[in-house]
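Just remember that the numbering used here sits 37 ahead of the position in the sequence shown, which is counted from 1. All C-beta atoms in this analysis are idealised placements derived from N, C-alpha and C, irrespective of residue type, glycine included. None of these values were measured; they are calculated from a predicted model.
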Amino acid sequence: MKRRLTILTIATLLCYNPLSAQTLKLWYNQPSKKWTDALPIGNGRIGGMIYGTADTERVQYNEQTLWTGKPRDYQREGAYQYLPQMRQLLFEGKQKEAEALGEAHFMGRKMNEEDYDQQKATWFKQVSAVKSPSATTYNDSKWKSISLPTEKGWEVIPGFEGVDGAVWFRTMFDLPADWAGKDLTLSLGRMRDMDYTFVNGEQVGSVDGADYRRYTIPAKLLRAGKNQIAIQVINYWDKGGLTSNPRELAIYPVSFAPAELKGAATTTIPRDMAVDQKTGEKFKVVRLDCSWKYWIQDNQPPQFPRYNADYQPFADLFLQMAKTGTISNYKRDLDISNATAHVKYTAGGVNYTREYIASNPDQVMAVHITADKLGKISFKALLHTLHQSVSIRKVDAHTLALSFKVRNGALRGVSYLYADAKGGKLTVTNDGISISGANEATLYLTAATNFKTYKDVSGNPETICAKQIAAVRAKTYAAVKAAHIADYQKYFNSFAVTFGKGSNDALPTDERILKYNSTVDPGLVSLFVQYSRYLLISSSRPGSKVPANLQGLWNDLLTPPWGSKFTTNINLQMNYWGAEMLNLSGLTQALFAMIDDLRQTGAATAKAHYNTPGWVLHHNTDLWRGAAPVNAANHGIWTTGAAWISESLWEHYQFTQNKAFLQSQAYPAMKGAAEFFVANLVKDPATGYLISTPSNSPEHGGLVAGPTMDHQIIRELFRNTIAAAKILGTDAKFSKTLQDKYDQIAPNKIGKYGQLQEWMQDKDDTTDTHRHVSHMWGIHPGTEISAATPDLLNAAKKSMHYRGDDGTGWSIAWKINLWARMRDGDHSYLMLTKLLSPADAVPNHEKGGVYHNLFDAHPPFQIDGNFGGAAGIGEMILQSQFGTLDVLPALPKALPNGEVKGIKARGGFVLNIKWQSGALQQVDITSEAGKPCVVNYQGKQIKFSTKKGKTYKLGSNLQKI
Numbered sequence: 038m039k040r041r042l043t044i045l046t047i048a049t050l051l052c053y054n055p056l057s058a059q060t061l062k063l064w065y066n067q068p069s070k071k072w073t074d075a076l077p078i079g080n081g082r083i084g085g086m087i088y089g090t091a092d093t094e095r096v097q098y099n100e101q102t103l104w105t106g107k108p109r110d111y112q113r114e115g116a117y118q119y120l121p122q123m124r125q126l127l128f129e130g131k132q133k134e135a136e137a138l139g140e141a142h143f144m145g146r147k148m149n150e151e152d153y154d155q156q157k158a159t160w161f162k163q164v165s166a167v168k169s170p171s172a173t174t175y176n177d178s179k180w181k182s183i184s185l186p187t188e189k190g191w192e193v194i195p196g197f198e199g200v201d202g203a204v205w206f207r208t209m210f211d212l213p214a215d216w217a218g219k220d221l222t223l224s225l226g227r228m229r230d231m232d233y234t235f236v237n238g239e240q241v242g243s244v245d246g247a248d249y250r251r252y253t254i255p256a257k258l259l260r261a262g263k264n265q266i267a268i269q270v271i272n273y274w275d276k277g278g279l280t281s282n283p284r285e286l287a288i289y290p291v292s293f294a295p296a297e298l299k300g301a302a303t304t305t306i307p308r309d310m311a312v313d314q315k316t317g318e319k320f321k322v323v324r325l326d327c328s329w330k331y332w333i334q335d336n337q338p339p340q341f342p343r344y345n346a347d348y349q350p351f352a353d354l355f356l357q358m359a360k361t362g363t364i365s366n367y368k369r370d371l372d373i374s375n376a377t378a379h380v381k382y383t384a385g386g387v388n389y390t391r392e393y394i395a396s397n398p399d400q401v402m403a404v405h406i407t408a409d410k411l412g413k414i415s416f417k418a419l420l421h422t423l424h425q426s427v428s429i430r431k432v433d434a435h436t437l438a439l440s441f442k443v444r445n446g447a448l449r450g451v452s453y454l455y456a457d458a459k460g461g462k463l464t465v466t467n468d469g470i471s472i473s474g475a476n477e478a479t480l481y482l483t484a485a486t487n488f489k490t491y492k493d494v495s496g497n498p499e500t501i502c503a504k505q506i507a508a509v510r511a512k513t514y515a516a517v518k519a520a521h522i523a524d525y526q527k528y529f530n531s532f533a534v535t536f537g538k539g540s541n542d543a544l545p546t547d548e549r550i551l552k553y554n555s556t557v558d559p560g561l562v563s564l565f566v567q568y569s570r571y572l573l574i575s576s577s578r579p580g581s582k583v584p585a586n587l588q589g590l591w592n593d594l595l596t597p598p599w600g601s602k603f604t605t606n607i608n609l610q611m612n613y614w615g616a617e618m619l620n621l622s623g624l625t626q627a628l629f630a631m632i633d634d635l636r637q638t639g640a641a642t643a644k645a646h647y648n649t650p651g652w653v654l655h656h657n658t659d660l661w662r663g664a665a666p667v668n669a670a671n672h673g674i675w676t677t678g679a680a681w682i683s684e685s686l687w688e689h690y691q692f693t694q695n696k697a698f699l700q701s702q703a704y705p706a707m708k709g710a711a712e713f714f715v716a717n718l719v720k721d722p723a724t725g726y727l728i729s730t731p732s733n734s735p736e737h738g739g740l741v742a743g744p745t746m747d748h749q750i751i752r753e754l755f756r757n758t759i760a761a762a763k764i765l766g767t768d769a770k771f772s773k774t775l776q777d778k779y780d781q782i783a784p785n786k787i788g789k790y791g792q793l794q795e796w797m798q799d800k801d802d803t804t805d806t807h808r809h810v811s812h813m814w815g816i817h818p819g820t821e822i823s824a825a826t827p828d829l830l831n832a833a834k835k836s837m838h839y840r841g842d843d844g845t846g847w848s849i850a851w852k853i854n855l856w857a858r859m860r861d862g863d864h865s866y867l868m869l870t871k872l873l874s875p876a877d878a879v880p881n882h883e884k885g886g887v888y889h890n891l892f893d894a895h896p897p898f899q900i901d902g903n904f905g906g907a908a909g910i911g912e913m914i915l916q917s918q919f920g921t922l923d924v925l926p927a928l929p930k931a932l933p934n935g936e937v938k939g940i941k942a943r944g945g946f947v948l949n950i951k952w953q954s955g956a957l958q959q960v961d962i963t964s965e966a967g968k969p970c971v972v973n974y975q976g977k978q979i980k981f982s983t984k985k986g987k988t989y990k991l992g993s994n995l996q997k998i
């Protein structure tokens with residue numbers, strides 16, 4: 038699309054939308070088959086995933102403050118006493134010993150760690166005493182069936198959601214006649230966590246742990262014909278059951294050993310044959326990846342000690358529509374221009390439409406149902422949750438309420454569902470809401486918890502829900518929708534982008550993703566950018582009590598990947614990389630509010646673990662603002678989380694030039710993070726430099742002294758803190774201290790392969806393709822490595838080539854930004870093609886990329902790749918980290934034409950940029966702070982003074998027009 042930009046002010050920019058309505062839609066010709074096909078909506082507090090099934094709709098929803106856990110202290114008092122010994126061990130090269138010491142004495146406190154061992158022993162004694170289901174005479178006729186194994190854990194199976202505890206499984210197998218008198222191997226793969234395994238009522242094995250189970254069945258236990266296997270699996274927490282590849286479940290003679298036994302026996306056709314790993318001889322196996330019967334014996338084990346809490350799903354809204362005929366003309370969509378989702382179809386000669394919104398002004402999700410013929414809307418609305426201690430009740434003639442308590446924690450959830458119908462009959466019972474023969478119907482759904490702050494859970498969710506429903510029921514749906522759209526568009530319409538049309542513009546979104554790497558589709562790139570902005574608007578608003586987590590706002594699992602929490606060694610920060618540049622500065626408030634809280638918990642952690650002033654943040658936090666080291670010493674003891682997250686505060690100031698914010702919020706946090714390192718940096722006995730220890734290069738290489746990334750982050754923190762103090766005219770003495778320390782910090786080093794070293798020692802492996810590229814931090818989001826440091830920049834490029842182009846979704850997104858910062862637009866675009874590749878095109882094998890709904894895949898789903906990828910596209914178009922506005926610094930050949938409106942730069946500038954055939958056509962620059970402006974483009978430069986609120990127009994050679 039080639040329209041001339043004519044908009045010169047921010048006010049008129051808000052009305053501008055250069056893209057067609059279809060371009061700003063995700064749409065599909067079929068309902069969702071799985072959660073990552075569903076379409077997300079959200080208002081910054083409540084989020085929904087819309088499956089879009091015509092006759093039985095499911096809207097799975099979340100509320101951002103529903104987590105496990107409770108207010109508590111995470112720091113381990115007195116841990117600092119072990120710090121000198123850990124450092125000394127690392128200086129002596131005794132990494133494993135240092136990690137063991139840290140594991141024993143330096144990690145944070147776990148919830149329920151004091152009482153767990155006794156509780157576990159008591160519970161285990163009770164459940165393990167039950168052995169009757171192992172008997173061949175046991176009657177399992179009332180047991181349910183399940184297909185084993187469950188590679189991702191039994192939690193993914195309906196009926197097993199959130200199940201921990203003791204579960205029995207039983208199945209039968211036929212003994213081949215030629216196996217009579219032979220001992221057999223029973224291969225069951227991995228189990229979580231412990232098993233007692235029986236054959237024909239006799240125990241043949243038991244293992245506690247994730248080892249592969251291969252038990253010998255003595256010939257004397259076997260019978261001609263049918264034989265019974267019974268397994269009691271005891272799962273203490275998280276992924277439970279038989280969790281190996283299906284081919285691992287088999288029985289075969291002891292004399293044989295299938296090839297590639299660990300993980301999967303090599304099978305042939307027919308299905309019951311395998312290959313001996315020594316001789317290559319084919320032999321018969323009995324396969325056990327089949328239907329088993331099961332009984333959940335006890336699903337109430339004691340609470341497993343956990344470092345962090347888990348973000349929780351709230352509930353599901355089901356709509357059971359009256360079946361009126363064959364479904365045709367089906368389509369579902371998400372219109373990100375106005376944050377409305379739709380499902381449309383024809384049944385029984387009637388055209389039905391369902392519209393979905395998540396309103397921030399009214400704090401509700403809404404479903405509006407219409408038909409083109411009167412009296413044709415009939416359905417039942419139900420609420421369901423995976424949580425226990427559930428109550429569903431009728432509130433009044435229009436309202437249903439759901440309430441529950443989180444199993445492992447202090448939080449309660451309440452949801453109100455209000456229904457209104459025009460015409461027909463509306464009935465509410467304790468089971469659900471029924472509407473029959475209506476002309477149209479509207480549902481309003483709200484949800485709340487008792488969370489108030491990380492220290493206070495005294496809230497009243499019933500009162501919150503009742504108040505919200507009372508307010509919205511007095512309004513028309515048209516009024517609710519209009520307020521929702523106006524509120525949403527004040528954020529969304531601040532920015533617009535197009536890269537032109539391609540051959541796939543008219544295809545459904547899932548088909549566009551499949552074809553992206555084989556056809557030209559620049560429209561998918563602009564859609565991806567705007568969708569990422571949509572996701573941030575939907576998951577992080579002013580007033581949100583937490584920022585966007587690993588999955589933004591959306592999660593359907595009681596035990597989500599990585600707890601769906603806030604990982605602070607890149608992922609939380611990446612969520613907000615594009616917020617300033619892509620003109621969503623106002624959405625950072627929830628992140629900054631969390632930083633205010635973390636300054637408090639981080640100060641307690643700094644004192645307990647390091648005996649220092651200031652504040653520290655390790656690599657994960659959660660709703661309760663824990664700042665202590667978690668998970669394991671080899672990657673959990675990482676000290677630069679506070680320093681890195683403070684970068685977001687400084688970036689906000691640089692983009693907005695808000696001096697009041699710098700003084701009241703940013704500088705105090707930056708200074709506190711710097712104070713910690715002033716006290717915590719120590720002299721390396723081998724080099725004499727100041728280094729950060731103990732720490733690690735995130736999740737790579739174990740506990741070390743002096744990882745490169747730490748030093749890059751600390752230098753950036755010190756430099757920015759000095760700059761902030763100068764702007765504010767304060768703390769000259771402290772700034773002098775920072776400068777003195779800065780000059781002594783271990784510098785970046787170039788290793789024997791010409792690479793930028795990841796550690797103090799020159800030990801990088803050129804074949805290492807680890808997902809983290811932490812020593813590249815100084816390029817992005819840091820600023821100390823650039824064209825101004827050519828030797829270091831070339832070394833960084835070599836490291837990037839060694840590390841490779843593949844990776845997890847968020848890793849690929851980071852590489853988009855890195856290559857853009859290194860001014861290699863084509864390589865940056867290559868990474869973008871990998872990010873936009875289908876994550877699940879191969880059945881049962883996911884990779885980094887995007888799902889059908891454009892959610893980023895780690896895999897599994899993590900939202901940081903969406904946000905980071907969009908930021909990287911912004912870096913291709915505009916960079917301003919060095920005080921100049923560098924226009925089209927890394928424009929790839931694949932995006933020769935385009936325009937962007939509302940992209941922001943440091944110094945308080947907003948730009949509209951248009952280019953054609955790879956060359957700049959025009960740039961309009963609005964000054965929001967009246968600062969001097971320096972613009973660079975392909976070796977040309979222009980400098981000029983600006984006035985606040987005025988727009989300056991430059992031509993293709995940066996001449997004023």
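Where the alpha helix (DSSP H) through Thr642 begins and ends: Gln626 to Tyr647
Are the Cβ atoms of Ser982 and Cys970 separated by less than 9 Å? yes
Which residue or residues does DSSP assign as beta-bridge partners of Ala203? Ile271 and Asp335
Assign Gly939 to one of two classes, buried (16 or more other C-beta atoms within 10 Å of its C-beta) or exposed (fewer than that). buried
So, do the region 188 to 202 and the region 589 to 603 have three or more beta carbon pairs nearer to each other than 8 Å? yes
In terms of alpha-carbon separation, which member of Ala484, Ala966 and Arg444 lies closest to Asp353? Ala484
Could you check the C-alpha separation between Tyr382 and Phe536 for me, to the nearest Å? 32 Å
Hey, could you find the ends of the beta strand (DSSP E) Cys327 is sitting in? Where Cys327 is concerned, there is no enclosing beta strand (DSSP E), given that its DSSP letter is neither H nor E.
Exposed or buried, which one is Ala256 when buried takes at least 16 other CB atoms within 10 Å? exposed
Residue from Phe416, Ala825, Ala824 and Asn854 whose Cα sits closest to the Cα of Val810: Asn854
Express the C-alpha separation of Ala857 and Gly738 in angstroms, rounding to a whole number. 27 Å
Look at the alpha carbon of Arg444 and the alpha carbon of Ala166, and state the distance between them as a whole number of angstroms. 25 Å
Please report the distance separating the alpha-carbon of His199 from that of Asp558. First, the residue type needs correcting, since residue 199 is Gly and not His in the sequence shown. Distance between the alpha carbons of Gly199 and Asp558: 41 Å.
Candidates Val741, Glu548, Lys773 and Ile472: closest to Ile406 by CA position: Ile472
Straight-line Cα distance separating Trp104 from Arg449: 9 Å
Would Pro342 pass as a contact of Phe320 if the rule is Cβ separation under 9 Å? no
If we count Cβ pairs, one from each stretch, closer than 8 Å, do we get three or more for the region 803 to 823 versus the region 856 to 871? yes
Assumed close pair Pro68, Tyr98 - CB separation to whole angstroms, cut-off 8 Å: Pro68 to Tyr98, Cβ: 17 Å. No contact.
I need the boundaries of the beta strand (DSSP E) containing His435, first residue and last residue. Segment: none, His435 is in no beta strand (DSSP E) and carries neither H nor E.
Kindly indicate which residue of Trp952, Thr921 and Ala942 has the alpha-carbon position closest to the one of Glu936. Trp952
Since I believe Asn890 is in contact with Thr73 (beta carbons under 8 Å), could you give me their beta-carbon distance rounded to a whole number of angstroms? 6 Å
Contact with chain B by Leu621, beta-carbon distance below 9 Å: Judged by its chain identifiers, the structure shown contains no chain B, having just a single protein chain.
With DSSP run on the structure shown, which of helix, strand or coil describes Phe341? coil
Does the beta-carbon distance from Tyr779 to Ala716 come in below 9 Å? no
Could you please give me the residues that DSSP links to Ser243 through a beta bridge? Tyr233
Out of curiosity, what's the CA-to-CA distance linking Ile254 and Val879? 37 Å
Taking the Cβ atom as the reference point for each residue, do Ser685 and Tyr613 lie within a distance shorter than 9 Å? yes
May I ask you to list the residues that DSSP assigns as paired with Trp104? Tyr348
Taking C-alpha atoms, which residue in Leu423, Ala966, Ile674 and Tyr974 lies nearest to Tyr119? Ile674
Name the DSSP beta bridge partners of Ser473, please? Lys462
Taking all protein chains shown into account, do 16 or more other C-beta atoms lie within 10 angstroms of the C-beta of Cys502, making it buried, or fewer, making it exposed? buried
Starting from Thr159, follow the alpha helix (DSSP H) in both directions and report where the run begins and ends. Tyr153 to Ser165
Going by other Cβ atoms of all chains shown within 10 Å of its Cβ, with 16 needed for buried, is Thr767 buried or exposed? exposed
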